[in-house]
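For reference, the structure is listed below as structure tokens.
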Amino acid sequence: MSPAHPASDNAAHDQAVRELDVILANAGVGVVFVKQRTLVRCNQRYADIYGFASPQAAIGRSSVELYACEEDARELGRRAYPLLAAGETFRGEQRMRRQNGELFWTHLTGRLINPEDPSEGSIWIVDDIQERKEADATLADLHAEQQLIFDHAMVGIVFLRGRRVTRCNRAFEQLFGYGPGELDGQLSRAWYLNDEDWQAAGALCYEPLSRGESFQAEMLLGKKDGTPIYCEVRSKAIDRSDLSRGSIWITQDITARKQAELELVQAKAQLEALVEQRTQQLSQTVAALELKIAEQQAAEARAERLALFDGLTGLPNRHLLADRASQAIDIARRSDEPLAVLFLDLDHFKNVNDSLGHRVGDSLLTQLASRLRGAVREQDTVARTGGDEFVLVLPLTDIAGAAHLASKLMGLASAPFQVDGQELTVTPSMGIAMFPTDGDDFDTLCKCADAAMYRAKRDGRNAYRFFTSEMQAQSARALLLENALRRAQERCQLSLHYQPQFALDATGEPRIVGAEALLRWQHPELGWVSPAEFIPIAEASGLILPIGEWVLREALSQLRRWDDAGLPALTMAVNLSAVQFRHDDLPELVDRVLREVGMAADRLELELTEGAAMDNPSMAITVMNELHARGVRLSIDDFGTGYSSLAYLKKFRVSKLKIDQSFVRDLTDDVEDRAIVDAVIRMAAALGLQTLAEGVETEGQLAFLRSHGCQAVQGFLFSRALPADAFSEYVLSRMLVSA
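Converting from the sequence shown to my numbering requires adding 24 to each position, the first position being numbered 1.
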């Protein structure tokens with residue numbers, strides 16, 4: 025006898041169990057082991073089908089609660105038990121219930137593990153066939169509708185195969201005088217007057233039918249009793265690649281029409297003789313009528329334009345403005361989007377008319393209208409409501425956008441006008457109302473904007489005001505920050521702080537492997553301005569592009585200085601704005617800065633949010649591929665707070681997912697946060713990605729992340745973001761302690 029190998033047997037058994045687990049986890053159907061009507065074990069697909077949070081959540085649950093009702097469960101048992109007891113497999117369809125109460129159809133396949141001892145339980149395979157059931161019902165309805173159309177159509181319909189009738193409707197039989205079913209199997213020769221016509225019809229229709237085109241003609245056919253009738257026929261092959269499958273013909277009696285056409289031809293000949301006699305007389309009358317019609321159309325066009333457009337500037341008038349504004353507000357309401365209404369009035373315009381005359385005033389208004397038109401987008405409406413008053417309706421415009429445009433219009437309206445060789449300067453006062461904050465309809469918004477405009481006049485004119493003081497404060501703050509931000513870089517008010525990033529090993533102290541560069545702005549009067557406040561303004565104004573380039577160059581330059589100072593080789597993480605990511609020359613910019621600084625591409629990690637990546641996935645994939653080809657690392661920041669599609673995530677050339685601090689904050693107390701973080705780590709591992717948790721502040725959070733396989737962390741537990749010198753000292757001190 026050969027010696028026993030228990031260790032080898034155990035290894036083989038463990039391998040078989042692992043292989044079985046992999047098969048069950050990746051099966052496209054649900055698999056469950058049931059014992060005494062209790063769920064003992066199931067795979068992920070089974071949990072997904074019935075709405076369990078996980079396979080473990082299903083264990084111990086009664087299988088009876090998964091049926092539509094208890095009686096259904098007993099009925100399935102009565103159907104299945106004889107087969108199962110005989111050692112056979114039961115197959116059948118059954119309506120079941122998900123955990124959320126939704127009823128659906130399944131296909132069940134079950135078998136006893138041991139027919140000799142049913143108490144050992146059974147194994148069931150479950151396939152969700154709800155969509156197939158719904159599709160079958162839809163197809164049955166479609167077939168029923170088609171049959172109703174066929175049976176009750178007012179035209180004759182016949183199907184031919186080999187020029188023999190395979191099926192026709194009652195209207196076709198009645199058209200040619202046949203009884204029900206009398207034409208079944210008959211050659212189509214039955215409704216032709218002679219063999220020659222029949223053969224000619226076959227020759228005519230063959231070529232278009234073989235090309236997949238319709239055949240259409242008017243033919244003289246014959247009823248059963250030989251009476252000739254004119255018919256309009258339309259035909260098409262069921263399958264142009266295989267004409268043997270036959271064709272469908274639709275036939276309509278047009279005898280009465282043909283007779284009317286013949287009579288019409290005769291009448292036409294008689295009329296032509298009469299018309300010829302009076303042509304000379306009528307030609308003069310027609311010319312006069314055409315001239316009158318043209319004059320009438322021109323008058324109507326002028327009247328219509330006067331009714332909808334301002335006669336002086338060509339802008340929409342009050343009526344067209346109200347119509348366009350109502351449509352824009354309806355769209356904004358349905359889409360939950362912002363909209364602004366802006367009133368503009370020239371200060372002391374009456375003095376221009378009184379001193380220089382209305383002709384000069386009209387010329388100035390015309391030039392102003394042209395400037396306003398050129399300053400807005402195609403979807404915006406600029407209208408003149410009378411005198412020197414203009415109204416602008418601005419869809420998709422928020423408070424910051426309205427303030428930006430108002431500032432632009434201030435400059436345009438205040439720029440000198442050239443009229444009759446002389447230079448005129450006027451100033452505007454503007455009022456702005458926002459939908460839906462200030463009103464839900466155009467009339468209300470107009471009143472609010474008008475009131476805001478008069479407040480601007482009371483405040484000294486040559487200004488704009490929002491209807492609410494809160495909005496005015498917000499817009500003033502935004503404008504103040506935008507203007508200050510334009511000079512912040514050249515005045516050295518911007519700086520970078522660096523937050524250490526640590527790698528986690530299974531044991532041992534976390535070690536510093538990188539830094540995240542964080543932008544800071546200290547204004548001499550405003551103090552420290554939060555990035556949450558100035559970054560959106562930088563993005564909206566386009567300033568994020570030069571600032572972002574400065575951040576990239578400064579961060580990599582600092583990394584070079586740390587290398588020269590003897591710090592370990594760290595990775596530098598730099599955040600990318602969505603605006604930067606969409607810019608055409610981003611890969612070339614990154615490549616250029618890396619060359620200038622003399623830094624290896626794999627030392628740089630660019631972070632972008634889920635929203636930036638998913639805004640245009642195909643474009644994102646192209647940009648990521650270009651950056652990856654240059655050796656630059658990419659990571660998804662704040663993962664879990666956006667709307668990533670896993671179908672795209674696996675195509676993105678990213679190496680790391682950063683778990684947002686909102687999930688880490690309550691990690692030790694919140695079961696759902698723990699489940700989310702664990703799921704992200706597992707998913708990242710399955711996709712071959714690393715994970716880094718942000719906002720780690722407690723030892724408990726760190727312990728959880730380490731035990732669940734998170735590879736890296738950052739947060740106040742280790743250090744806040746530090747200036748460059750303080751960061752260098754921090755790294756060196758950690759190196760001394762570890763030494």
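Where a beta carbon is used, it is the ideal one built from N, C-alpha and C, also for glycine. In this text, all values refer to a predicted model and were calculated from it rather than measured experimentally.
Going by beta carbons, F491 and A502 fall outside the 8 Å limit.
Short of 6 Å from the beta carbon of I645, and not among the five residues preceding or following it, lie these beta carbons of its own chain, in chain order: K675.
Within the same chain, Cβ atoms closer than 6 Å to the Cβ of A636 are found at A602 and F605, the five residues on either side in sequence being excluded. With contacts defined as CB atoms closer than 8 Å, I571 and Q513 qualify as a contacting pair. Taking 4 residues as the minimum length, the alpha helix (DSSP H) runs contained wholly in the segment 65–108 are 68–74 and 79–82, in order along the chain. Under the rule that a run must span 3 or more residues, the beta strand (DSSP E) segments found entirely inside the segment 130–211 read 146–152, 180–185 and 188–192.
Counting along the chain, S359 sits inside the alpha helix (DSSP H) bounded by residues R342 to S359. In this structure L184 is in contact with W273, their Cβ atoms being roughly 6 Å apart against a cut-off of 8 Å. Beta bridge pairing from DSSP links F239 with S259.
Among the bridge pairs identified by DSSP, D749 is matched with none. Proximity of the segment 91–104 to the segment 70–83 falls short of the contact definition, fewer than three beta-carbon pairs being nearer than 8 Å. Straight-line measurement puts the Cα of V179 at about 51 Å from the Cα of Y74. Within the same chain, and ignoring the five residues on either side of A331 in sequence, the residues whose Cβ sits closer than 7 Å to its Cβ are H343.
When DSSP states are grouped into helix, strand and coil, V755 belongs to the helix group.
A distance below 8 Å separates the beta carbons of L339 and A407.
D662: member of the beta strand (DSSP E) spanning R657 to F663, first to last residue. One alpha carbon belongs to G622, the other to S752, and they sit about 20 Å apart. Ranked by Cα distance from P611, the options D587, Q735, R654 and D422 are led by R654. The three-state reading of DSSP puts P555 in helix, counting H, G and I together. Here M707 carries a helix assignment [DSSP, helix/strand/coil].
Assignment of L127 by DSSP, reduced to helix, strand and coil, places it in the strand class.
Note on geometry: alpha-carbon atoms of Q725 and L691 lie some 6 Å from one another. With respect to L600, L632 sits close: the two C-beta atoms are nearer than 8 Å.
As DSSP reads the structure, W273 sits in a beta bridge with V182 and S259.
If only complete runs of 3 or more residues are kept, the segment 370–417 shows the beta strand (DSSP E) at 405–410, in order along the chain. Counted as a single uninterrupted DSSP element, the alpha helix (DSSP H) harbouring E220 occupies residues D219 to S234. For W215, same chain residues with a beta-carbon under 7 Å away, outside a window of 5 residues either side, are F200, L245 and G246 in chain order. Membership of M643 in the alpha helix (DSSP H) is indicated by the continuous run P641 to A653.
In this structure, F466 is the residue among F466, V310, L380 and P440 with its C-alpha nearest to the C-alpha of R348. Shown here, E721 sits in coil according to DSSP, grouped into three states, outside any helix or strand. If you look at R606, you'll find it in the alpha helix (DSSP H) that goes A602 to R606. Between the alpha carbons of C255 and Q403 lies a gap of roughly 54 Å. Only residues of its own chain outside the window of five on either side were considered, and among them R264 have a CB closer than 6 Å to the CB of G236, listed in chain order. In this structure, R122 lies away from S86, with their beta-carbon atoms at least 8 Å apart. The three-state reading of DSSP puts T692 in coil, since its state is none of H, G, I, E or B.
Between the alpha carbons of D697 and S686 lies a distance of about 9 Å.
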